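A.B. asks: Protein chains in written order, with the numbering used here: chain A, 3 to 203; chain B, 934 to 1184.
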Ligand SMILES: Cc1cc2nc3c(=O)[nH]c(=O)nc-3n(C[C@H](O)[C@H](O)[C@H](O)COP(=O)(O)OP(=O)(O)OC[C@H]3O[C@@H](n4cnc5c(N)ncnc54)[C@H](O)[C@@H]3O)c2cc1C
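Set out below in structure tokens:
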């Protein structure tokens, strides 16, 4: 550790909810995406789960909205070092989709892909057990396009680049396959509590 | 397995440059060797980084400041300098009102101070100088684009390069003295005599897209999120393919 002369940081309270190296962005919700925000109407949105599953399936907006609703309230953490507390997302738990498609016993990972072509990889264990959602509402309102609306993946226990905006599908695999940022030097898993920012962390 | 998903809108995947995992994961000590004022709100900070692995124009690095009680703040900053082998890199920071890290740089930092840096990270926004480049930025978003302009000049590259940059006023235009014929400034609050004042518009983008170089432009957009949204939409409307637009949002 190298102390920076004269740097004190702003006054802070020790917040056990804040992972190392993160700061509380307060009411701000910065937008970080590398691509042009797509013009994607709910009527054109689809979500597919395929690969190593018993019943590959595609849901459209109406189908997905007939599934039992599920909400997340808590924090999100971005690798650029802001965290945001008390966020409220609503949509459907991924477990509901897994119950329908039923992954094979050999399945270990999934690649999430967006309607833009963005991809990110995740261990299946991070996408099951009530820890991941398809979210279309934020704070009681439709999710804004620049935040991934009409619908995004939400995996709040990992850095937010894993929560693919404009989610189009999940392909289930029996191996890990790096996605867009992972091929650009980011960590394979991205656990904020272990500061898994870049590959090698 | 089912057939591969083809997205209705494509973006430029994969990134252009494979990032060295070594460089991305190691913190190095950077010594501040000089500070240059650019505008009332922005300054350039030059660092000696003896183990700097080199970078490509457009890439950024991470800066880490540590307080005596162990509190750590880290932020991303684009690299302003062109790649060279001097063992130095330059960053240009806007003084953000109430900002923790930019505040330290602008009010405490002096030559000889040391901070930690890591990088370069992300090859997505990099421009190696190979394709015609159309650069659009606002405010401190001009920083990574300036690295490209400087690279273009330092190497005497002949590949077409144009810069469209938005600033509130001529006084707030970062690197004003250095911008040349490749640059069209757009002023949103006040402008020199005879120059219109207003937001970047289709009329600024259209002439650049009309003079398409062979192979077309690779567009690089950088700035605040609201600027990035606005400028990328102007480009799409003017016919620039979405998968040839790269966006760096400062948050
Ligand atoms: C890829 C990338 C490249 C970038 N490149 C550049 C660059 O080249 N140049 C550049 O200038 N910037 C760049 N940025 C932005 C930079 O990373 C920082 O976000 C910026 O410098 C502000 O950091 P800060 O610590 O000074 O401000 P922060 O402390 O992060 O504050 C930001 C804002 O939030 C407010 N705030 C937040 N928390 C509190 C609090 N608890 N109390 C009071 N106010 C609060 C502050 O008042 C301020 O307005 C880049 C960002 C990214 C993602």
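Ideal placement from N, C-alpha and C gives every residue a C-beta, glycine not left out.
The model shown is predicted, which means the values in this text are computed figures rather than measured ones.
What do you get for residue 173 of chain A, buried or exposed, if any count of 16 or more other CB atoms within 10 angstroms of its CB means buried?
C.D. replies: Locating residue 173 of chain A in the first chain gives position 171, where the first residue counts as 1. Buried, since its Cβ has 16 or more Cβ neighbours within 10 Å.
A.B. asks: Tell me which same chain residues have a C-beta within less than 7 angstroms of the C-beta of residue 154 of chain A, skipping the five on either side of it?
C.D. replies: For the purposes of this step, residue 154 of chain A is taken as the residue at position 152 of the first chain. Result list for residue 154 of chain A: 137, 145, 165, 166, 167, 168, 169, in chain order.
A.B. asks: Along the alpha helix (DSSP H) that carries residue 1079 of chain B, what are the first and last residues, could you check?
C.D. replies: Position 146 of the second chain, counting from 1, holds the residue named residue 1079 of chain B. It spans 1075-1087 - the alpha helix (DSSP H) in which residue 1079 of chain B sits, taken as one unbroken run.
A.B. asks: How would you list, in chain order, the residues of chain A whose beta-carbon sits under 7 angstroms from the beta-carbon of residue 1008 of chain B?
C.D. replies: For the purposes of this step, residue 1008 of chain B is taken as residue 75 along the second chain, with counting starting at 1. What residue 1008 of chain B touches in chain A: 83.
A.B. asks: Verify the contact flag: residue 6 of chain A, CB atom, against every heavy atom of ligand 1, threshold strictly below 7 angstroms.
C.D. replies: Working through the first chain from its first residue, we reach residue 6 of chain A at position 4. Outside the cutoff, so no.
A.B. asks: Please name the residue, chosen from A:5, A:65, A:108, that lies closest to residue 98 of chain A on a Cα-to-Cα basis.
C.D. replies: Taking the first residue of the first chain as position 1, residue 98 of chain A is located at position 96. The shortest Cα separation from residue 98 of chain A among A:5, A:65, A:108 belongs to A:65.
A.B. asks: Would you call residue 1053 of chain B buried or exposed, if buried means 16 or more other Cβ atoms sit within 10 Å of its Cβ?
C.D. replies: As a working note, residue 1053 of chain B is residue 120 in the second chain. Buried, because 16 or more other Cβ atoms sit within 10 Å of the Cβ of residue 1053 of chain B.
A.B. asks: Would you say residue 33 of chain A reaches chain B, if we count a Cβ-Cβ gap shorter than 8 angstroms as a contact?
C.D. replies: The sequence position of residue 33 of chain A within the first chain is 31, counting from 1. Cβ-Cβ to chain B under 8 angstroms: yes for residue 33 of chain A.
A.B. asks: Flag residue 1056 of chain B as yes if its beta-carbon sits less than 8 angstroms from any beta-carbon of chain A, otherwise no.
C.D. replies: Your numbering for residue 1056 of chain B matches position 123 in the second chain. Yes, its Cβ sits closer than 8 angstroms to a Cβ of chain A.
A.B. asks: Can you list the residues of chain A that residue 1047 of chain B reaches, using a CB-CB cut of under 7 angstroms?
C.D. replies: Locating residue 1047 of chain B in the second chain gives position 114, where the first residue counts as 1. Within 7 angstroms Cβ-Cβ: 4.
A.B. asks: Just the Cα atoms here: how many angstroms apart are residue 1103 of chain B and residue 997 of chain B?
C.D. replies: Here residue 1103 of chain B is taken as the residue at index 170 of the second chain, counted from 1. Here residue 997 of chain B is taken as the residue at index 64 of the second chain, counted from 1. Cα to Cα, residue 1103 of chain B sits roughly 32 angstroms from residue 997 of chain B.
A.B. asks: From residue 1071 of chain B to residue 1105 of chain B, what distance separates their C-alpha atoms?
C.D. replies: Against the second chain, residue 1071 of chain B aligns to sequence position 138. Against the second chain, residue 1105 of chain B aligns to sequence position 172. Cα-Cα distance, rounded: 11 angstroms.
A.B. asks: Would you please state the rounded distance, in angstroms, between the beta carbons of residue 38 of chain A and residue 103 of chain A? I believe it to be under 8 angstroms.
C.D. replies: For the purposes of this step, residue 38 of chain A is identified with residue 36 of the first chain, where counting begins at 1. For the purposes of this step, residue 103 of chain A is identified with residue 101 of the first chain, where counting begins at 1. Incorrect: roughly 31 angstroms between the Cβ atoms, too far for contact.
A.B. asks: Taking only the alpha-carbon atoms, compute the straight-line gap between residue 16 of chain A and residue 1002 of chain B and give it to the nearest angstrom.
C.D. replies: Start at 1 with the first residue of the first chain, and residue 16 of chain A comes out as number 14. Start at 1 with the first residue of the second chain, and residue 1002 of chain B comes out as number 69. When rounded, the distance between both Cα atoms is 12 angstroms.
A.B. asks: Ends of the beta strand (DSSP E) at residue 1036 of chain B?
C.D. replies: Against the second chain, residue 1036 of chain B aligns to sequence position 103. No beta strand (DSSP E) holds residue 1036 of chain B; the alpha helix (DSSP H) holding it covers 1033-1040.
A.B. asks: Do the region 1104-1122 of chain B and the region 984-991 of chain B make contact, defined as three or more Cβ pairs closer than 8 angstroms?
C.D. replies: Segments in contact, no.
A.B. asks: Find the residues of chain B that neighbour residue 102 of chain A, judging by a C-beta separation of less than 8 angstroms, and give them in chain order.
C.D. replies: As a first step, residue 102 of chain A must be located in the first chain, where it is residue number 100. In chain order: nothing, as chain B lies at least about 16 angstroms away.
A.B. asks: By the criterion of Cβ-Cβ separation under 7 angstroms, what are the contact partners of residue 40 of chain A in chain B?
C.D. replies: What you label residue 40 of chain A is simply residue 38 of the first chain in a count that begins at 1. Those within 7 angstroms of residue 40 of chain A in chain B are 942.
A.B. asks: Under 6 angstroms Cβ to Cβ from residue 1073 of chain B, same chain only, skipping five residues before and after it: list those, please.
C.D. replies: Translated into positions along the second chain, residue 1073 of chain B becomes position 140. If we look at residue 1073 of chain B and ignore the five residues flanking it on each side, its Cβ neighbours are 1027.
A.B. asks: What is the DSSP secondary structure of residue 192 of chain A, counted as helix, strand or coil?
C.D. replies: Taking the first chain and counting its residues from 1, one reaches residue 192 of chain A at position 190. Coil.
A.B. asks: I believe residue 33 of chain A touches residue 1182 of chain B by the beta-carbon criterion, under 8 angstroms. Please report the beta-carbon distance rounded to the nearest angstrom.
C.D. replies: For the purposes of this step, residue 33 of chain A is taken as the residue at position 31 of the first chain. For the purposes of this step, residue 1182 of chain B is taken as the residue at position 249 of the second chain. With 8 angstroms as the limit, residue 33 of chain A and residue 1182 of chain B qualify as a contact, their Cβ atoms being about 6 angstroms apart.
A.B. asks: Does any residue of chain A bring its CB to less than 8 angstroms from the CB of residue 1153 of chain B?
C.D. replies: Walking along the second chain from the start, residue 1153 of chain B turns up at place 220. False, the Cβ-Cβ gap to chain A never drops below 8 angstroms.
A.B. asks: Looking at the C-beta of residue 1165 of chain B, does it have a partner C-beta in chain A at a distance below 8 angstroms?
C.D. replies: The residue labelled residue 1165 of chain B in the question sits at position 232 within the second chain. Taking Cβ atoms only, chain A reaches closer than 8 angstroms to residue 1165 of chain B, which makes this a yes.
A.B. asks: Would you please state the rounded distance, in angstroms, between the beta carbons of residue 122 of chain A and residue 40 of chain A? I believe it to be under 8 angstroms.
C.D. replies: For the purposes of this step, residue 122 of chain A is identified with residue 120 of the first chain, where counting begins at 1. For the purposes of this step, residue 40 of chain A is identified with residue 38 of the first chain, where counting begins at 1. The pair is not a contact, with the Cβ atoms about 16 angstroms apart (cut-off 8 angstroms).
A.B. asks: Which of the three DSSP states is assigned to residue 1021 of chain B in this structure?
C.D. replies: Mapped onto the second chain, residue 1021 of chain B falls at position 88. Three-state DSSP puts residue 1021 of chain B in a strand.
A.B. asks: Can you list, in chain order, the residues of its chain whose CB lies under 7 angstroms from that of residue 986 of chain B, leaving out five sequence neighbours each side?
C.D. replies: If you number the second chain from 1, residue 986 of chain B lands on position 53. Once the five neighbours on either side are set aside, the close Cβ partners of residue 986 of chain B are 953, 956.
A.B. asks: Which runs of the beta strand (DSSP E) at least 3 residues long sit entirely within the region 61-144 of chain A? Give them in chain order.
C.D. replies: Taking only runs of at least 3 residues, the beta strand (DSSP E) segments lying wholly in the region 61-144 of chain A are 72-79, 84-95, 111-116, 121-125, 135-140.
A.B. asks: What whole-angstrom Cβ distance do residue 129 of chain A and residue 156 of chain A have, given they're in contact under 8 angstroms?
C.D. replies: Along the first chain, one-based indexing puts residue 129 of chain A at 127. Along the first chain, one-based indexing puts residue 156 of chain A at 154. About 11 angstroms separates the two Cβ atoms, so there is no contact after all.
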